[in-house]
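For the record, the sequence lines run as chains H and A.
Our numbering numbers the first residue of the first sequence as 442 and each following residue consecutively.
Our numbering numbers the first residue of the second sequence as 212 and each following residue consecutively.
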Amino acid sequence: MHNKSITELAAGLRAGDYSSVELTQYFLDRIQRLDGELNSFVTVCKDEALSAARAADQQLQTGEAGVLTGIPIAHKDIFCTEGIRTTCGSKMLESFISPYDATVVAKLKAAGVVNLGKTNMDEFAMGSSNETSYYGPVRNPWDTETVPGGSSGGSAACVAARLAPAATGTDTGGSIRQPAALCGITGLKPTYGRVSRYGMIAFASSLDQAGPMTTSAADAATMLQVMAGFDRRDSTSADQPVPDYSAGIADDLSGLKIGLPKEYFGEGLDASVAKSIEEAISEYRKLGAEVLEISLPNTHLAVPTYYVVAPAECSSNLSRFDGVRYGHRCEDPKDLEDLYKRSRAEGFGDEVQRRILIGTYALSAGYYDAYYLKAQRVRHLISDDFTRAFEQVDVIMGPTTPDSAFHIGEKADDPVSMYLSDIYTIAVNLAGLPGISIPVAPAAGKPVGLQIIGSYFAEARLLNVAHRLQMATDYHQAAPAGI
Amino acid sequence: MPLDHADVKKIAHLARLDLSDERMGGIATDLTNILELVEQLSAVDTEGVVPMAHPLQMAQRLRSDEVTETNCRELFQSIAPQTENGLYLVPKVIE
C-alpha cells in the first residue's frame with residue numbers, strides 16, 4: 442500500500458478498497474514503527490489526522506471528493522498550522538501554536554488532504570543536512586549514518602521511507618531539491634511567486650518558495666495543482682493563471698533541446714554522480730531529445746552572492762523574534778535590551794546566529810554598498826546567464842548535488858564546506874526559476890538526483906520532461922531496504 | 212578582512228544577540244571564513260548593472276487603504292509570553 446502513487450491511492454479510496462481512516466491509520470502506524478530511528482517528524486497529529494480522514498470519508502461517499510480528498514500527507518514544520526505546534530526546527534518556537542493556517546496548508550485542507558504531522562527541518566530552513574534542527578538530526582533512510590540533506594530533510598526522509606505519500610517543502614537555496622536528491626525522491630521548486638508564501642515562516646523573502654516532495658513527477662503535478670495560484674495575502678505572489686499540470690505530462694519529447702552547462706560538470710563533481718547523470722542524459726537522447734553544451738559563466742559567483750543576499754534578508758526577517766509577542770522569552774530580563782538579547786541568544790541555534798550576524802554586518806552602515814548592493818548586481822549577471830541559455834535550449838540539466846549523501850557530522854564544523862554542497866541549486870533561486878530534482882541511477886547504492894531547470898512558469902514542461910524519464914525507467918520506484 | 216572580537220561584539224549588539232566571551236573566538240573565525248568566500252564578488256565588474264531586488268522584476272502591488280481584516284487581538288495575544296489589558300508587557304523602559 443505504501444508504495445502506491447497518489448493517483449492509485451485516490452482510485453482505491455473511490456473503489457472502496459479502503460477508507461481514508463484506514464489509509465491514515467496505516468501511515469500513522471508506519472510512522473510509529475519506523476520514525477523512531479529516522480526522526481523525520483517533529484509532531485505527529487494522530488487525532489487531527491483521523492478526524493480529517495473521517496470528514497474525507499463522508500465527502501467520498503457523497504461524491505464531492507477531489508483527487509486529493511482523503512490522501513494523507515505531511516507538512517514541513519515551517520508552514521503555520523492552526524492549532525498545531527509550528528516549531529520551524531527552532532527552540533525559539535518550541536511551544537508556538539499558530540493562530541492561523543498558511544495558504545498552502547489551507548488550500549490542501551480545502552482539497553480534502555489529511556495532515557499526518559509536521560516534518561523536521563534545519564532550524565529556520567538554514568542548513569543543508571538537517572543537523573541544525575533543535576529537535577535532532579534526521580537520518581537518511583537509505584543509510585542511517587548519512588544525512589537526508591536539508592533544509593526539508595524530514596519531508597524528504599519521510600517520503601523516501603514511505604511514511605507519507607507526499608510532503609510539502611520549501612526551497613531558498615536548494616532546500617527541496619537537495620534533500621530530494623539525497624533521499625531518492627522527486628522534489629519541485631516552482632517559479633518564485635508561483636506558490637503563496639503567506640504563513641510560511643520567512644527566511645529570505647526574495648528567494649523562498651514552497652513546492653511538493655513526492656515519489657513521482659505525476660504526483661508532484663497533482664500536488665502543485667492545488668498549491669499554486671495567486672494569493673492577495675502574499676505581496677510577491679504571481680498573478681498568473683495556473684495551467685493543468687497533468688494534461689500534457691506524457692507529451693512526447695522529440696525535438697526537446699536540453700542544455701548541459703559545462704560549469705556543472707567540472708571540478709568538484711563526484712565521478713560516480715557524473716556517471717549516473719550521463720546515463721540519464723542518454724535516456725533523454727533515446728526519447729528524442731537533442732543535447733547541447735551551454736555555458737552559465739557566472740556559476741562560481743552564485744554561492745558567494747547567496748551568502749550575502751540570504752543572510753541579509755534573514756537578519757531582517759528574524760528580527761521579529763524578540764521575546765515580546767510570541768516565541769521564547771528569557772527568564773527575569775533586567776531591561777528591554779537584555780530581554781531582546783538573551784531571548785534571541787537562547788532561542789536561536791549556532792547556524793541561525795551566524796547568518797543573522799553576517800546579514801547584520803552586510804547591511805550595516807558603511808558596508809551596505811560593498812556587500813548587499815554588490816551582491817544584488819552580481820545576482821543580475823547570474824540571472825542573465827539563464828536568460829541567454831533559454832534562448833538556445835528548452836530545459837537545462839545537470840546534477841542536483843556534487844556528491845551523494847554525506848555522513849552525519851562530516852561537514853557540521855565547517856560552514857563554508859556545507860554551503861558549497863548547494864552549488865548547483867542556489868543560482869536557480871537567485872534567478873527565481875523553477876527546478877525539479879528526480880532520482881536517477883544510484884551511485885554506490887546511494888540516491889543521485891538529476892536537476893532539470895526551466896524558464897519562468899515552465900513547471901508543466903519540467904513535470905512533462907521528468908515524467909517521461911519516469912515512464913521509461915523505474916529509478917523513482919526504488920525504495921530503501923527494509924521499507 | 213578578518214573580524215576581531217570587537218567587531219563581533221559590535222555586530223552582535225546591532226543584531227541584539229547576547230554572545231558570551233567564550234563564543235566570540237569561534238564566531239569571529241566562522242564569520243571571517245564566510246566573508247572570505249564572499250570576497251570574490253569584489254573582483255566582479257558590475258559597472259552599469261542594475262541591482263536585482265526581485266526575481267521577476269515585478270512592481271510592488273498596492274491596495275487601497277481600507278480595513279480588510281477583523282480584529283484578532285485576543286487570539287494573537289493568547290500566545291504572547293506576557294500581556295495585560297490588551298498590552299504586551301516588557302521590562303520598564305521609562306522611569
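Idealized CB from N, CA, C, for every residue including glycine.
These numbers were taken from a predicted model, which means no experiment stands behind them.
Endpoints, beta strand (DSSP E) assigned at Ser-221(A)
Locating residue 221(A) in the second sequence gives position 10, counting from the first residue. Per the sequence shown, residue 221(A) should be read as Lys rather than Ser. No beta strand (DSSP E) holds Lys-221(A); the alpha helix (DSSP H) holding it covers 216-225.
Assuming Tyr-897(H) contacts Thr-632(H) (C-beta within less than 8 Å), just tell me the rounded distance between them.
Locating residue 897(H) in the first sequence gives position 456, where the first residue counts as 1. Locating residue 632(H) in the first sequence gives position 191, where the first residue counts as 1. Contact flag correct, Cβ pair sits at about 5 Å.
So which residues on chain A does Ser-756(H) lean against when the C-beta distance must stay under 7 Å?
Taking the first sequence and counting its residues from 1, the one referred to as residue 756(H) is at position 315. Here the neighbours are Ala-226.
In the DSSP assignment, the alpha helix (DSSP H) including Pro-752(H) goes from what residue to what residue?
Stepping through the first sequence from its first residue, residue 752(H) is reached at position 311. Pro-752(H) -> alpha helix (DSSP H) spans 743-758.
For the beta strand (DSSP E) that Asp-612(H) lies in, which residues bound it at each end?
The residue you call residue 612(H) lines up with position 171 of the first sequence. Counted as a single uninterrupted DSSP element, the beta strand (DSSP E) harbouring Asp-612(H) occupies residues 607-612.
Interface flag, Ile-735(H) vs chain A, CB-CB below 9 Å
Looking up residue 735(H) in the first sequence gives position 294. Not a single C-beta of chain A is nearer than 9 Å to the C-beta of Ile-735(H).
Examine chain A for any beta-carbon lying closer than 9 Å to the beta-carbon of Lys-532(H), and answer yes or no.
For the purposes of this step, residue 532(H) is taken as residue 91 along the first sequence, with counting starting at 1. Put simply, the CB of Lys-532(H) is far from chain A, with every gap to its CB atoms at 9 Å or more.
Tell me where the beta strand (DSSP E) around Pro-883(H) begins and ends.
Counting from one through the first sequence, the residue named residue 883(H) turns up at place 442. Run containing Pro-883(H): 876-884, per the beta strand (DSSP E) assignment.
Simplified DSSP assignment, three categories, for Gln-892(H)
Taking the first sequence and counting its residues from 1, the one referred to as residue 892(H) is at position 451. Looking at Gln-892(H) - three-state DSSP - the assignment turns out to be strand.
Straight-line CA distance for Ala-970(H) to Ala-669(H)?
The structure shown has nothing for residue 970(H), since chain H only spans 442 to 924.
Three-state secondary structure (DSSP) at Tyr-299(A)?
Start at 1 with the first residue of the second sequence, and residue 299(A) comes out as number 88. Strand.
For a minimum of 4 consecutive residues, which ranges assigned as the alpha helix (DSSP H) are wholly contained in the region 805-851 of chain H?
Runs found: 815-833.
What residues from chain A crowd round Phe-537(H), counting only those whose CB sits closer than 8 Å?
The residue labelled residue 537(H) in the question sits at position 96 within the first sequence. In chain order: Ile-290.
Proximity to Ser-539(H) [Cα-Cα], best of Lys-548(H), Ile-519(H), Ala-552(H) and Ala-651(H):
Here residue 539(H) corresponds to residue number 98 of the first sequence, with the count starting at 1. Taking only the C-alpha atoms, the option nearest Ser-539(H) is Ile-519(H).
Which residue spans inside the region 483-531 of chain H form an unbroken beta strand (DSSP E) run of at least 3?
Note on the region 483-531 of chain H: whole beta strand (DSSP E) runs with a minimum of 3 residues are 513-517, in chain order.
Spatial distance of Arg-455(H) from Ser-446(H) (CA atoms)
In the first sequence, counting from the first residue as 1, residue 455(H) sits at position 14. In the first sequence, counting from the first residue as 1, residue 446(H) sits at position 5. The straight-line gap from Cα to Cα measures roughly 14 Å.
According to DSSP, is Glu-734(H) part of a helix, a strand, or is it coil?
The residue given as residue 734(H) occupies position 293 in the first sequence. Here Glu-734(H) sits in strand by DSSP.
Report yes if the CB atom of Ile-245(A) is closer than 9 Å to the CB atom of Tyr-860(H), and no otherwise.
As a first step, residue 245(A) must be located in the second sequence, where it is residue number 34. As a first step, residue 860(H) must be located in the first sequence, where it is residue number 419. Yes; because the gap between Cβ atoms is below 9 Å, this pair is in contact.
Can you tell me which of the three DSSP states Gln-650(H) falls into?
Counting from 1 along the first sequence, the entry for residue 650(H) is found at position 209. Residue state, collapsed to three classes: strand.
Below 8 Å CB to CB, which residues in the same chain sit around His-848(H) once its five sequence neighbours on both sides are set aside?
Counted from its first residue, the first sequence places residue 848(H) at position 407. Beyond the five residues adjoining it in sequence on each side, His-848(H) comes within less than 8 Å, by CB distance, of Glu-586, Thr-587 and Val-588 in the same chain, given in chain order.
Following the continuous alpha helix (DSSP H) through Ile-290(A), name the residue where it begins and the one where it ends.
Here residue 290(A) refers to the residue found at position 79 when the second sequence is read from its first residue. That residue, Ile-290(A), is in no alpha helix (DSSP H); it is neither H nor E in DSSP.
Once the 5 residues before and after Val-683(H) are set aside, which same chain residues still bring their CB inside 6 Å of it?
Residue numbering aside, residue 683(H) sits at position 242 when the first sequence is read from its first letter. If we look at Val-683(H) and ignore the five residues flanking it on each side, its Cβ neighbours are Ala-669 and Gly-670.
Using a Cβ-Cβ cut-off of 9 Å, state whether Glu-250(A) counts as contacting chain H.
Here residue 250(A) corresponds to residue number 39 of the second sequence, with the count starting at 1. Closer than 9 Å to some Cβ of chain H, the Cβ of Glu-250(A) qualifies, so yes.
Check Met-562(H) in the structure and name its three-state DSSP category.
Walking along the first sequence from the start, residue 562(H) turns up at place 121. Secondary structure of Met-562(H) (DSSP, three-state): coil.
Give me the Cα-Cα distance between Pro-752(H) and Arg-796(H), rounded to the nearest whole angstrom.
Translated into the one-based positions of the first sequence, residue 752(H) becomes position 311. Translated into the one-based positions of the first sequence, residue 796(H) becomes position 355. Each residue's alpha carbon lies about 5 Å from the other.
Under the three-state DSSP convention, the category Pro-582(H) falls into
As a first step, residue 582(H) must be located in the first sequence, where it is residue number 141. In the three-state scheme derived from DSSP, where H, G and I count as helix and E and B as strand, Pro-582(H) is classed as coil.
Chain A contact residues for Pro-540(H), given Cβ-Cβ distances below 9 Å
Against the first sequence, residue 540(H) aligns to sequence position 99. One finds Cys-283, Leu-286, Phe-287, Ser-289 and Ile-290 in chain A with Cβ atoms closer than 9 Å to the Cβ of Pro-540(H), taken in chain order.
According to DSSP, is Met-212(A) part of a helix, a strand, or is it coil?
As a working mapping, residue 212(A) is identified with position 1 in the second sequence. Coil, per DSSP.
What are the boundary residues of the beta strand (DSSP E) that includes Ile-699(H)?
Within the first sequence, numbered from 1, the residue matching residue 699(H) stands at position 258. Where Ile-699(H) is concerned, the enclosing beta strand (DSSP E) stretches over 698-702.
Would you please state the rounded distance, in angstroms, between the beta carbons of Thr-544(H) and Gly-640(H)? I believe it to be under 8 Å.
Counting from 1 along the first sequence, the entry for residue 544(H) is found at position 103. Counting from 1 along the first sequence, the entry for residue 640(H) is found at position 199. Indeed they touch by this definition, with Cβ atoms about 6 Å apart.
Here's a check: name, in chain order, each residue in its chain whose Cβ is nearer than 7 Å to the Cβ of Ser-657(H), leaving out the five neighbours to either side.
Stepping through the first sequence from its first residue, residue 657(H) is reached at position 216. Around Ser-657(H): Ser-446, Thr-627, Gln-911 and His-917.
Secondary structure at Lys-887(H), three-state DSSP: helix, strand or coil?
Along the first sequence, read from residue 1 onward, the residue named residue 887(H) stands at position 446. Lys-887(H) falls in the strand class under three-state DSSP.
For Val-600(H) and Ala-608(H), the rounded distance between their alpha carbons
Taking the first sequence and counting its residues from 1, the one referred to as residue 608(H) is at position 167. Taking the first sequence and counting its residues from 1, the one referred to as residue 600(H) is at position 159. Rounded to the nearest whole angstrom, the CA to CA distance from Ala-608(H) to Val-600(H) is 7 Å.
What separation, rounded to the nearest whole angstrom, lies between the Cα atoms of Asp-680(H) and Thr-279(A)?
Mapped onto the first sequence, residue 680(H) falls at position 239. Mapped onto the second sequence, residue 279(A) falls at position 68. Asp-680(H) and Thr-279(A): Cα-Cα distance of roughly 20 Å.
So does Asp-518(H) have its beta carbon nearer than 8 Å to some heavy atom of the ligand HEM?
The ligand HEM is not among the ligands present in this structure, which contains no ligands whatsoever.
Leu-557(H) by DSSP, collapsed to three states: which one?
By 1-based counting over the first sequence, the position of residue 557(H) is 116. Strand, per DSSP.
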